[in-house]
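Numbering (the UniProt record's numbering), first residue to last: 1 to 58.
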């Protein structure tokens, strides 16, 4: 059995993970409008991507 080689440190993978996390939280908040803990997590992730633009640039 061959193992798939995943490069989890790559820029593309990190952008993919952040995007999926933000999408999941956004769709969750559409259903649960009073969930302030998830709203805080979404803001935290959004700030992390907006304050570190150099993270994804090689």
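For glycine and all other residues, C-beta sits at the position ideal for the given N, C-alpha and C. Please read all numbers here as calculations on a predicted model, not as lab measurements.
Item to check | Nearest-angstrom Cα separation, counted from residue 18 out to residue 11 | outcome: 11 Å
Checklist entry - Quick one: complete alpha helix (DSSP H) runs, 4+ long, within the segment 11-50? => result 11-31
Item to check | Whole-Å CB distance - residue 40 paired with residue 29, under 8 Å assumed | outcome: About 11 Å separates the two Cβ atoms, so there is no contact after all.
Item to check | Contact set for residue 1: own chain, Cβ-Cβ below 6 Å, skip 5 residues either direction | outcome: Low per-residue confidence applies at residue 1: pLDDT is 45, beneath 50, and the placement is therefore not dependable, though the value from the model is reported in the following sentence. Hits under 6 Å: none found.
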